[in-house]
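Q: With the working numbering, letter number 131 in the sequence shown gets 134, and the count goes up by one each step, no holes. Structure in structure tokens, see below.
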Amino acid sequence: MSPLRSRALAFTSVLVALSPLCGPLPAQEPQTQADDYTRYELLDPASHSFRIHYHVSATRPGATHYFNSIRAGSEATVHGVQDLMTGASLEWDVEPGDEARRTGHPTASLEGQYIKVTLARSVPPGGEVRIRIDKTYRDPEGYGGSADGITFSRSLGIDRNAVVLPPGYELTGVNYPSQIGEEADGRIRISLLNRGPSSVPLRLTGRKLPPRAAPAARDPDRAESPSAALPPTPAASASGSSPTTARIDFTFSERAFQDREIVYYLEPPETHSFRLYHDYTESRPGVDRYLNVVRAGSRVSDPSARVLDTGQELPVEMLRGDEITARGIELSRPAAPSTEVVVVRFDPVEEGQSVRLRIEETYTDPGRYLLARGELIWDRNFGRPRNTLILPGGWFVTANSIPAVVSETEDGRIELHYVNDRPDGIQVFVKAKRR
Numbered sequence: 004m005s006p007l008r009s010r011a012l013a014f015t016s017v018l019v020a021l022s023p024l025c026g027p028l029p030a031q032e033p034q035t036q037a038d039d040y041t042r043y044e045l046l047d048p049a050s051h052s053f054r055i056h057y058h059v060s061a062t063r064p065g066a067t068h069y070f071n072s073i074r075a076g077s078e079a080t081v082h083g084v085q086d087l088m089t090g091a092s093l094e095w096d097v098e099p100g101d102e103a104r105r106t107g108h109p110t111a112s113l114e115g116q117y118i119k120v121t122l123a124r125s126v127p128p129g130g131e132v133r134i135r136i137d138k139t140y141r142d143p144e145g146y147g148g149s150a151d152g153i154t155f156s157r158s159l160g161i162d163r164n165a166v167v168l169p170p171g172y173e174l175t176g177v178n179y180p181s182q183i184g185e186e187a188d189g190r191i192r193i194s195l196l197n198r199g200p201s202s203v204p205l206r207l208t209g210r211k212l213p214p215r216a217a218p219a220a221r222d223p224d225r226a227e228s229p230s231a232a233l234p235p236t237p238a239a240s241a242s243g244s245s246p247t248t249a250r251i252d253f254t255f256s257e258r259a260f261q262d263r264e265i266v267y268y269l270e271p272p273e274t275h276s277f278r279l280y281h282d283y284t285e286s287r288p289g290v291d292r293y294l295n296v297v298r299a300g301s302r303v304s305d306p307s308a309r310v311l312d313t314g315q316e317l318p319v320e321m322l323r324g325d326e327i328t329a330r331g332i333e334l335s336r337p338a339a340p341s342t343e344v345v346v347v348r349f350d351p352v353e354e355g356q357s358v359r360l361r362i363e364e365t366y367t368d369p370g371r372y373l374l375a376r377g378e379l380i381w382d383r384n385f386g387r388p389r390n391t392l393i394l395p396g397g398w399f400v401t402a403n404s405i406p407a408v409v410s411e412t413e414d415g416r417i418e419l420h421y422v423n424d425r426p427d428g429i430q431v432f433v434k435a436k437r438r
């Protein structure tokens, strides 16, 4: 279990004694959740308000409701709740803490207020139900502005967040390492992944931009294509003497929004094998398959897949070499005789809907996972934002090149969790010894 999930479970694992006002009730399991992401869209600073789009997965098996707390000191307006698998609107209500305890959230604060969401289906065993809550908070202490600019100051308790500035504002300061991007409408977006165990005390400042100058008149003899205003690639340097290596057209996605994660369970290093599962959300309309091209040097066995939203098992096939082309599978590059791909098929995704998949496989990779001089060696590139490596039973870590959060699984295995907020991969090198 990753520290992200462990932290969510630990937060809700201690049952609070029921108030006498609630009367005796049967024992209830605490609420659990995963994959939280919050997007704050700052509105006019004079309003002290911001729109929130909160994505979360309810994970307690059998749960039919999800409770989202309303932060103390904020005035909340709920615009709606959506089931992310089907796109359907969900029923919701606002309940005080004692009522939330009575109706399914045994650890609810008696002083709190909760948005109670009726889920589209009960949470399947080992699965999750994904929802998005759309609401606006008014918080004069956390957000406001003056003639000098705006300030957004908030403790962020979840691990993936984005803040979008109001139209016409520039970013002048942010106190936590963040990715910065521009929205399609020109607003500036600041997003971050929390690597540590505590909340991020985020403080962000911005300033009103001067009015934009009118665009220059177009040359009627110049082509009207979108790329006409871009320099050629490779572009000439300022002096015109040599080409530039700058990535002029480089684009990158918002790392914090990406919800791909992977967990590796290492088997004894003599086998060169490890069991893994990776979770992936597909939202492109018409897509009906997931292709996992096996990394060169690795062999895959025992693949399986299921829909986390429903628990449905999915058909899986392994194709190699000419089989890939013969089955009409198109890859980014032609399939070589040694190319291996795992194909997972599911119902085509419809507009406004999505499907959350979990793919499990066993990999054997002598080149990246081995035993050398009595030590376990792991040397592999991680491309996802969230990656977890679990050592075999009876081994302890002696070297780790990329900073990680280290913990212990319930059965005593050492677990290393990596949060990569960069848009590229990290080369993880780990050594371990037998106890």
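Just so you know, even glycine gets a beta-carbon here, dropped at the ideal spot from N, CA and C. Remember, predicted model here, so these are calculated numbers, not experimental data.
In this structure, does DSSP put residue 100 in helix, strand or coil?
A: For the purposes of this step, residue 100 is taken as residue 97 along the sequence shown, with counting starting at 1. Correct three-state label for residue 100: helix.
Q: Select from 436, 104 and 360 the residue whose C-alpha is nearest the C-alpha of residue 377.
A: Sequence index remark: in the sequence shown, residue 377 carries index 374 (1-based). Minimum Cα distance to residue 377 is reached at 436.
Q: Give a yes or no on whether the C-beta atoms belonging to residue 287 and residue 388 are separated by under 7 Å.
A: The residue labelled residue 287 in the question sits at position 284 within the sequence shown. The residue labelled residue 388 in the question sits at position 385 within the sequence shown. For residue 287 and residue 388, no; Cβs fall outside 7 Å.
Q: Rounded to the nearest angstrom, what separates residue 418 and residue 374 at their Cα positions?
A: Along the sequence shown, one-based indexing puts residue 418 at 415. Along the sequence shown, one-based indexing puts residue 374 at 371. Approximately 19 Å, taken between the alpha carbons.
Q: Mapping DSSP to helix, strand and coil, what is residue 105?
A: Within the sequence shown, the letter at position 102 stands for residue 105. Helix, per DSSP.
Q: Can you grab the Cα-Cα spacing for the pair residue 322 / residue 120, in whole Å?
A: Numbered from 1 along the sequence shown, position 319 holds the residue referred to as residue 322. Numbered from 1 along the sequence shown, position 117 holds the residue referred to as residue 120. The straight-line gap from Cα to Cα measures roughly 43 Å.
Q: Can you give me the Cβ contacts of residue 316 inside the same chain, cut-off strictly under 7 Å, excluding the 5 residues immediately before and after it?
A: Taking the first residue of the sequence shown as position 1, residue 316 is located at position 313. Counting only Cβ-Cβ distances below 7 Å, and skipping sequence neighbours, we find 309.
Q: Can you find the residues in the same chain that come closer than 6 Å, C-beta to C-beta, to residue 269, ignoring five residues on each side of it along the sequence?
A: Taking the first residue of the sequence shown as position 1, residue 269 is located at position 266. For residue 269, where only same-chain residues beyond five positions count, the Cβ hits under 6 Å are 277, 394 and 395.
Q: Which residue's Cα is closest to the Cα of residue 260: 40, 36 and 32?
A: For the purposes of this step, residue 260 is taken as residue 257 along the sequence shown, with counting starting at 1. Checked all of 40, 36 and 32; the closest Cα to residue 260 is 40.
Q: Taking the beta strand (DSSP E) that residue 257 falls in, what are its first and last residues?
A: Sequence index remark: in the sequence shown, residue 257 carries index 254 (1-based). First-last for residue 257: undefined, no H or E at that position.
Q: Within 8 Å, do at least three Cβ pairs link the stretch 92-102 to the stretch 155-172?
A: No: the two stretches stay apart, fewer than three of their Cβ pairs being nearer than 8 Å.
Q: State the DSSP-derived secondary structure class of residue 272, mapped to helix, strand or coil.
A: For this step, residue 272 is matched to residue 269 along the sequence shown. In this structure, residue 272 counts as helix in the three-state DSSP scheme.
Q: Looking at the secondary structure, which residues open and close the alpha helix (DSSP H) in which residue 326 lies?
A: Sequence index remark: in the sequence shown, residue 326 carries index 323 (1-based). Run containing residue 326: 325-329, per the alpha helix (DSSP H) assignment.
Q: Rounded to the nearest angstrom, what separates residue 353 and residue 48 at their Cα positions?
A: Sequence index remark: in the sequence shown, residue 353 carries index 350 (1-based). Sequence index remark: in the sequence shown, residue 48 carries index 45 (1-based). Looking at the two C-alpha atoms, the distance is approximately 38 Å.
Q: For the stretch 302-353, which segments carrying the alpha helix (DSSP H) assignment without a break, of at least 4 residues, lie completely within its bounds, in sequence order?
A: Listed in chain order, the complete alpha helix (DSSP H) runs (minimum 4 residues) inside the stretch 302-353 are 325-329.
Q: Just to confirm the assignment, what range does the beta strand (DSSP E) spanning residue 176 have?
A: Locating residue 176 in the sequence shown gives position 173, counting from the first residue. Start and end: 172-177.
Q: By Cβ distance, which residues of its chain are closer than 6 Å to residue 381, with the 5 residues on each side in sequence left out?
A: Numbered from 1 along the sequence shown, position 378 holds the residue referred to as residue 381. Result list for residue 381: 372 and 433, in chain order.
Q: Identify every run of the beta strand (DSSP E) within the stretch 134-201, keeping only runs that are complete inside it and at least 3 residues long; order them along the chain.
A: DSSP runs (the beta strand (DSSP E)) wholly in the stretch 134-201: 146-149, 152-159, 163-167, 172-177, 182-185 and 191-196.
Q: What residue range is occupied by the uninterrupted beta strand (DSSP E) comprising residue 111?
A: Counting from one through the sequence shown, the residue named residue 111 turns up at place 108. Taken as a continuous stretch (DSSP letters only), residue 111 belongs to no beta strand (DSSP E), as it is neither H nor E.
Q: With distances taken between CB atoms, is the gap from residue 303 to residue 296 smaller than 7 Å?
A: Against the sequence shown, residue 303 aligns to sequence position 300. Against the sequence shown, residue 296 aligns to sequence position 293. No, they are not a contact pair.
Q: Tell me where the beta strand (DSSP E) around residue 83 begins and ends.
A: Mapped onto the sequence shown, residue 83 falls at position 80. That run of the beta strand (DSSP E) goes 78-86.
Q: Can you give me the Cβ contacts of residue 370 inside the same chain, cut-off strictly under 7 Å, excluding the 5 residues immediately before and after it?
A: Start at 1 with the first residue of the sequence shown, and residue 370 comes out as number 367. 300.
Q: When we look at the beta-carbon of residue 409 and count the other beta-carbons within 10 Å, is it buried (16 or more) or exposed?
A: Walking along the sequence shown from the start, residue 409 turns up at place 406. Exposed, by the Cβ-count rule.
Q: Is any non-hydrogen atom of the ligand MG found closer than 6 Å to the C-beta of residue 405, if you look at the structure I gave you?
A: Ligands are entirely absent from the displayed structure, and the ligand MG is therefore not among its contents.
Q: Find out if the Cβ-Cβ distance for the pair residue 146, residue 253 is shorter than 7 Å.
A: Taking the sequence shown and counting its residues from 1, the one referred to as residue 146 is at position 143. Taking the sequence shown and counting its residues from 1, the one referred to as residue 253 is at position 250. No, these two residues do not count as a Cβ contact at 7 Å.
Q: List, from N- to C-terminal side, the beta strand (DSSP E) runs of 3 residues or more that fit wholly inside the stretch 385-421.
A: Fully enclosed beta strand (DSSP E) runs of 3 or longer: 389-393, 398-403 and 408-411.
Q: Please name the residue, chosen from 212, 379 and 385, that lies closest to residue 400 on a Cα-to-Cα basis.
A: Your numbering for residue 400 matches position 397 in the sequence shown. Nearest of 212, 379 and 385 to residue 400, Cα basis: 379.
Q: Please determine, among 438, 398, 383 and 397, the residue with the shortest C-alpha to C-alpha distance to residue 421.
A: For the purposes of this step, residue 421 is taken as the residue at position 418 of the sequence shown. Ranking the options by Cα distance to residue 421, first place goes to 383.
Q: Could you tell me whether the Cβ atoms of residue 210 and residue 171 are closer together than 7 Å?
A: For the purposes of this step, residue 210 is taken as the residue at position 207 of the sequence shown. For the purposes of this step, residue 171 is taken as the residue at position 168 of the sequence shown. Contact flag unset, no.
Q: Taking only the alpha-carbon atoms, compute the straight-line gap between residue 71 and residue 136 and give it to the nearest angstrom.
A: Within the sequence shown, the letter at position 68 stands for residue 71. Within the sequence shown, the letter at position 133 stands for residue 136. About 9 Å.
Q: Going by C-alpha distance, which of 255, 271, 78 and 118 is nearest residue 416?
A: For this step, residue 416 is matched to residue 413 along the sequence shown. Closest by alpha carbon: 271.
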